[in-house]
Amino acid sequence: MGIYDREYYQEDGPRGFTLTGAPRLIVTNLVIINVALALVDIFTPVTAEGDGHWLSSLLALQADAYRRPWEIWNLLSYGFAHAPLDRGGIWHVGLNMFMLWMFGREIELRLGRVEFLWFYLTSIVFAGLVWLGLENAWLWGTEAGRVWEQLHSPSMYGASGGVTAVFILFVLYYPRRTLYVYGLFALPAWVIGAIVIGQDLLRALSGQSGNVAWQAHLGGAAFALLYLRLGGRLSRLAPAGWRWPWQTLGQRARLRIHRPEIDRDTLDAEADRILEKVHRQGEQSLSGRERRILEQYSRQMREKRRP
Numbered sequence: 016m017g018i019y020d021r022e023y024y025q026e027d028g029p030r031g032f033t034l035t036g037a038p039r040l041i042v043t044n045l046v047i048i049n050v051a052l053a054l055v056d057i058f059t060p061v062t063a064e065g066d067g068h069w070l071s072s073l074l075a076l077q078a079d080a081y082r083r084p085w086e087i088w089n090l091l092s093y094g095f096a097h098a099p100l101d102r103g104g105i106w107h108v109g110l111n112m113f114m115l116w117m118f119g120r121e122i123e124l125r126l127g128r129v130e131f132l133w134f135y136l137t138s139i140v141f142a143g144l145v146w147l148g149l150e151n152a153w154l155w156g157t158e159a160g161r162v163w164e165q166l167h168s169p170s171m172y173g174a175s176g177g178v179t180a181v182f183i184l185f186v187l188y189y190p191r192r193t194l195y196v197y198g199l200f201a202l203p204a205w206v207i208g209a210i211v212i213g214q215d216l217l218r219a220l221s222g223q224s225g226n227v228a229w230q231a232h233l234g235g236a237a238f239a240l241l242y243l244r245l246g247g248r249l250s251r252l253a254p255a256g257w258r259w260p261w262q263t264l265g266q267r268a269r270l271r272i273h274r275p276e277i278d279r280d281t282l283d284a285e286a287d288r289i290l291e292k293v294h295r296q297g298e299q300s301l302s303g304r305e306r307r308i309l310e311q312y313s314r315q316m317r318e319k320r321r322p
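16 is the number of the first residue of the sequence shown in my numbering; add one for each residue after it.
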């Protein structure tokens, strides 16, 4: 990723959808999509079993999905469905989206928009695969599991696998960052991360998970660890020239604004000063003018490298 792709080099402005329709902050749009689907779901018909609505059931990942490979898309879609709002699901979608918004913004600023989207979507798929594997190991390996499968095939939905991956990656990047639990208790991020993983490990050992998909939570945490250990950069796996639709739309709609160029010597000195500021104070300390200078500097460096 080039210097010009980073979030802190972009213009100051709204962080949802811009007037041109181009997303400015991916995590904002993920929250909007999840909440919108939860709202639409309550207006869809109730399932025949009476335990949910049609849309959330359609998006959910079924434990016997391996028997229907054409439903592989559910490995991703389940992460955008939640418990019905009219059946207590407001806490399900509300807590997940709050966590995603709180920690996803900083991770997106660090990774960049495209890489963050790859990370989040891939973590959902990975967590779903872990859930499928462990759930079927229990169903096949125990008498209680075999009886349960005959009565009712388990299913899973919710963004918690991907949200856990985002939170654990935040903890790995900023282990000593102070977080406030319920706004009262100040704890280092690594302590809260250990508590989150410990709770799911206890559920796994006790065998009493209730309605909590601890398998997906642990899968998300494992994905964050693997991502950091292997050096990340999932966006490099995309085909050459790949662009998300919103990137193309944003380019077509964006207006070009003329800004006077800075001479090369001044630009080099300013770029050094600003990069030192990023190192000392972080990306969020940059002003709109400083971001534009870095963008101009990056453009100059690209032009110098051209044959």
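C-beta: ideal position from N, C-alpha, C; glycine also. Just so you know, these numbers come straight off a predicted model, no measurement behind them.
| query | result |
| --- | --- |
| Where residue 196 falls: helix, strand or coil (DSSP) | strand |
| Cβ-Cβ separation, residue 200 to residue 118 (assumed contact under 8 angstroms), whole Å | Going by Cβ atoms, the distance from residue 118 to residue 200 rounds to 18 angstroms, so no, they are not a contact pair. |
| Which residues DSSP lists as bridging residue 286, in chain order | Looking at the DSSP assignment, residue 286 forms no beta bridge with any residue, so it has no partner. |
| Cβ-Cβ separation, residue 175 to residue 111 (assumed contact under 8 angstroms), whole Å | 6 angstroms |
| At least three beta-carbon pairs within less than 8 angstroms, the stretch 141–153 to the stretch 228–242 | yes |
| Under the three-state DSSP convention, the category residue 221 falls into | helix |
| Whole-angstrom distance between residue 116 and residue 135, CA atom to CA atom | 13 angstroms |
| Exposure of residue 89, with buried meaning 16 or more beta-carbon neighbours within 10 Å | buried |
| Start-to-end residues for the alpha helix (DSSP H) that takes in residue 110 | 104–126 |
| Residue 286 classed as buried or exposed, judged by whether at least 16 other C-beta atoms fall within 10 angstroms | buried |
| N-terminal and C-terminal residue of the alpha helix (DSSP H) that residue 345 is part of | Here the chain comprises residues numbered 16 to 322, so residue 345 is not present and cannot be evaluated. |
| Residue 281 to residue 290 span [Cα, whole Å] | 14 angstroms |
| Cβ distance (whole Å) where residue 238 is taken to contact residue 141 below 8 angstroms | 4 angstroms |
| Stretch pair the stretch 202–221 + the stretch 90–100: three plus CB contacts closer than 8 angstroms | no |
| Residue 195, buried or exposed, once every other Cβ within 10 Å from all chains shown has been counted against 16 | exposed |
| Same chain, Cβ closer than 6 angstroms to residue 299, five either side skipped, listed in chain order | none |
| Alpha helix (DSSP H) runs contained entirely in the stretch 47–108, provided each spans 4 or more residues | 69–74 and 89–92 |
| Inter-residue Cα distance where the pair is residue 316 and residue 306 | 15 angstroms |
| Residues that residue 201 bridges to, as DSSP identifies them | 195 |
| Beta-carbon gap between residue 40 and residue 120 smaller than 8 angstroms | yes |
| Under the three-state DSSP convention, the category residue 170 falls into | strand |
| With 16 other Cβ atoms within 10 Å as the buried cut-off, status of residue 179 | buried |
| Span separating the alpha-carbon of residue 211 from that of residue 62 | 33 angstroms |
| Beta-carbon contacts of residue 240 that lie in its chain and below 8 angstroms, excluding the five residues immediately before and after | 183 and 187 |
| Limits of the unbroken alpha helix (DSSP H) element including residue 230 | 229–244 |
| Residue burial classification, residue 312 (beta-carbon count within 10 angstroms, cutoff 16) | buried |
| Residue 252, DSSP secondary structure in three states | helix |
| Alpha carbon of residue 139 to alpha carbon of residue 229, nearest angstrom | 14 angstroms |
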